[in-house]
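Working notes, structure below.
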Amino acid sequence: MLLSTFLILLPIFAIVFLMMRMRFAADSSGTIGWVLTLAIACMFFQTPLEVGLRASAAGIVASFPISLMVVTSILQITFMEATGALRRVAVFVKTLALADKSVQLMLINVGAGTLLVSIGATPISILPPILVALGYSSYVSVALPAIGYDALCTFALLGAPLVVYSDLNGMSLVQSVQVFAKFLPVISVFIGFGMLWIVGKWKLVREGFLPCMIAGLTNGGVAMLMSHIPLLASGVILTGVFAGACTMIAMLLYLKILGKPIIDRSALTKEDLEAEKSMSLAKALSPWIILIAASFIINFYPPWFDLFYAKIAMPVSIIPGQTIKTRMLWNAYTWVLISTVAAALFLKPTASAMRTTMVKWYARFPRPAFSAAVFFAIAAVMNISGTQNLGTVWKVVDPSTNMISVLAQGSAMAFSSLYPFISAFLGLFGGFLSGSEASTIAMFTDYHLMTSKLLNVDTQIVTAVTAIGGGLASVISPAKLQNAAATIDALGIESQVIRTAFVIATLTTLVTALMALYLS
Numbered sequence: 001m002l003l004s005t006f007l008i009l010l011p012i013f014a015i016v017f018l019m020m021r022m023r024f025a026a027d028s029s030g031t032i033g034w035v036l037t038l039a040i041a042c043m044f045f046q047t048p049l050e051v052g053l054r055a056s057a058a059g060i061v062a063s064f065p066i067s068l069m070v071v072t073s074i075l076q077i078t079f080m081e082a083t084g085a086l087r088r089v090a091v092f093v094k095t096l097a098l099a100d101k102s103v104q105l106m107l108i109n110v111g112a113g114t115l116l117v118s119i120g121a122t123p124i125s126i127l128p129p130i131l132v133a134l135g136y137s138s139y140v141s142v143a144l145p146a147i148g149y150d151a152l153c154t155f156a157l158l159g160a161p162l163v164v165y166s167d168l169n170g171m172s173l174v175q176s177v178q179v180f181a182k183f184l185p186v187i188s189v190f191i192g193f194g195m196l197w198i199v200g201k202w203k204l205v206r207e208g209f210l211p212c213m214i215a216g217l218t219n220g221g222v223a224m225l226m227s228h229i230p231l232l233a234s235g236v237i238l239t240g241v242f243a244g245a246c247t248m249i250a251m252l253l254y255l256k257i258l259g260k261p262i263i264d265r266s267a268l269t270k271e272d273l274e275a276e277k278s279m280s281l282a283k284a285l286s287p288w289i290i291l292i293a294a295s296f297i298i299n300f301y302p303p304w305f306d307l308f309y310a311k312i313a314m315p316v317s318i319i320p321g322q323t324i325k326t327r328m329l330w331n332a333y334t335w336v337l338i339s340t341v342a343a344a345l346f347l348k349p350t351a352s353a354m355r356t357t358m359v360k361w362y363a364r365f366p367r368p369a370f371s372a373a374v375f376f377a378i379a380a381v382m383n384i385s386g387t388q389n390l391g392t393v394w395k396v397v398d399p400s401t402n403m404i405s406v407l408a409q410g411s412a413m414a415f416s417s418l419y420p421f422i423s424a425f426l427g428l429f430g431g432f433l434s435g436s437e438a439s440t441i442a443m444f445t446d447y448h449l450m451t452s453k454l455l456n457v458d459t460q461i462v463t464a465v466t467a468i469g470g471g472l473a474s475v476i477s478p479a480k481l482q483n484a485a486a487t488i489d490a491l492g493i494e495s496q497v498i499r500t501a502f503v504i505a506t507l508t509t510l511v512t513a514l515m516a517l518y519l520s
């Protein structure tokens, strides 16, 4: 068993080595990891090459809610950047809550950050320049946008990780959110305190205690309401949108009660004022307004939801006996593309803006999209390893030839009742490795399902805390921090951020792990 376990983990060790020591990008190291996984599955776990290649293809198709969302969301944000819409939105955010630093941090990084990432935008690209303009250091401006939305990372990209989690666990979307919601209020509060500590150590933690509690409980509490109120349950993939918006409203009401100004234009520069005059805020927000409106209609109007989610599921069968419901007409990436095209009617891009959009988009999307897909492929090969083509059916004849089965047996022996606790840290590791909560879910779900059954622990809790750990890894993901640093010309600062962020991510994961141990 030791040799088999070592061979199974070898591709993971190789990816870690390549990323940490050799500084390979996630897509390059992931590709090498996939080749190793496929070779080991074929050579040592009696997996025919055809099965391994089919499994890889199935994994790539299963990644569509993430990989294609990456493609379309990068297109949308690049289009907004080229037309000046993104600049106009940034100018508006700069005017909010200048009179109270704690409220400003919660408003921008938790509220706006959660809202932005939920509709497919990227807080780590949009928010750092705004924070620098507000007077924060490069270190703070990189760290905060990467951590602010982490509690609700499951609802990023219009709930794409949630959809992956739901499909792999065989649960409804509402049931899935109900499991996650048990953790979110506590995690959101801890993240808020972590942000305050980064900016002003214990002094700001004490000063910002109340707004942090309000923001965290609002952010996490909305997720609980969305999954338990029948009227709202059909729109659970929009949980991040609701949570981010409600958190911003709660902070603005807090300022209003204290009698402090909500809008303060004193920080605006001459360039900001020119951007403000160039277009209205509504026009700048048009891609997101259209996207959110379409998402509301599709999810809250039952006939359309039933049509796009259930009736037109567009199933694909790559492995005989297994079906992947792509739901391409329901999934967010289709509507991100539609909303981007529709918004052109309002933004009226010039030919130059269109050329800039296409050139930058083509340069930006392939590697992150492929990176998202390749980790799904690795997980699929591991899950299907040992499968034999028996003519009428494909199945695993000997459990000892299935990589996930071997890992499950080993984990059950090694961790026993502590397994739910360990699962949160596996998620943190997976998220650091892949840079994606959805990839973490894909990599570990089958493994957790099997191990939890052996140990008789709550499968839902185990898989959920792994996903949450994967989301918390956003703040220690080298690729994400480098992206944030690049937007403010501060490349190199990410190594300093990781040292501090690692402590916060680990402590928050520890809290999650203890909750999992209690709830399971």
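Per the working numbering, the sequence shown starts with residue 1, numbered consecutively. Where is the CB? At the ideal position from N, CA and C, for every residue including glycine.
Thinking C-alpha only, which one of the options is nearest residue i?
i: residue 317; options: 54, 422, 18, 32; result: 54
i: residue 393; options: 322, 440, 335, 345; result: 322
i: residue 92; options: 82, 108, 77; result: 108
i: residue 60; options: 520, 416, 449, 378; result: 378
i: residue 76; options: 496, 284, 239; result: 284
i: residue 198; options: 248, 146, 226, 312; result: 146
i: residue 64; options: 513, 262, 438; result: 438
i: residue 462; options: 444, 472, 473; result: 444
i: residue 320; options: 339, 368, 395, 301; result: 395
CB-CB under 6 Å to residue i, same chain, minus the five flanking residues each way: which ones, in chain order?
i: residue 179; result: 460, 464
i: residue 90; result: 130
i: residue 422; result: 415
i: residue 337; result: 72
i: residue 349; result: 83
Once the 5 residues before and after residue i are set aside, which same chain residues still bring their CB inside 7 Å of it?
i: residue 119; result: 158, 241, 288, 291, 292
i: residue 260; result: 99, 100
i: residue 141; result: 128, 131, 132, 488
i: residue 493; result: 138, 139, 142, 485
i: residue 136; result: none
Is the Cβ-Cβ distance between residue i and residue j less than 8 Å?
i: residue 427; j: residue 490; result: no
i: residue 143; j: residue 191; result: no
i: residue 504; j: residue 481; result: no
i: residue 62; j: residue 351; result: no
i: residue 425; j: residue 508; result: no
i: residue 181; j: residue 223; result: yes
i: residue 410; j: residue 469; result: no
i: residue 220; j: residue 184; result: yes
i: residue 420; j: residue 517; result: yes
i: residue 332; j: residue 160; result: yes
i: residue 559; j: residue 299; result: With the chain covering 1 to 520 only, the question about residue 559 has no answer from this structure.
i: residue 455; j: residue 412; result: yes
i: residue 116; j: residue 245; result: no
i: residue 10; j: residue 381; result: no
How long is the line joining the alpha carbons of residue i and residue j, rounded to whole angstroms?
i: residue 484; j: residue 73; result: 17 Å
i: residue 451; j: residue 138; result: 43 Å
i: residue 364; j: residue 357; result: 10 Å
i: residue 346; j: residue 353; result: 14 Å
i: residue 17; j: residue 121; result: 31 Å
i: residue 12; j: residue 80; result: 37 Å
i: residue 247; j: residue 8; result: 43 Å
i: residue 172; j: residue 324; result: 15 Å
i: residue 327; j: residue 334; result: 10 Å
i: residue 229; j: residue 475; result: 32 Å
i: residue 154; j: residue 375; result: 17 Å
i: residue 329; j: residue 188; result: 32 Å
i: residue 556; j: residue 370; result: A query on residue 556 cannot be resolved here, the shown segment of the chain reaching from 1 to 520 and no further.
i: residue 429; j: residue 20; result: 13 Å
i: residue 71; j: residue 35; result: 24 Å
i: residue 519; j: residue 458; result: 8 Å
i: residue 235; j: residue 22; result: 43 Å
i: residue 156; j: residue 314; result: 23 Å
i: residue 258; j: residue 149; result: 26 Å
i: residue 15; j: residue 279; result: 46 Å
i: residue 296; j: residue 397; result: 46 Å
I'd like the list of long-range same chain contacts for residue i, defined as Cβ closer than 8 Å, with 5 residues on each side in sequence excluded.
i: residue 94; result: 130, 133, 134, 267, 268, 272
i: residue 251; result: 97, 103, 106, 107, 111, 211, 214, 215
i: residue 265; result: 95
For a test of your reading of the model: does the CB of residue i fall under 7 Å from any non-hydrogen atom of the ligand MG? Yes or no.
i: residue 29; result: Looking at this structure, you won't find the ligand MG or any other ligand, since it has none at all.
Sufficient close CB pairs (3 or more, under 8 Å) joining the segment 160-177 to the segment 196-208: no
Give a yes or no on contact between the segment 17-28 and the segment 393-413, applying the rule of three or more CB pairs nearer than 8 Å. no
Check whether the segment 77-85 and the segment 211-229 are in contact - that is, three or more C-beta pairs closer than 8 Å. no
Could you say if the segment 36-52 and the segment 380-387 meet the contact criterion of at least three C-beta pairs nearer than 8 Å? yes
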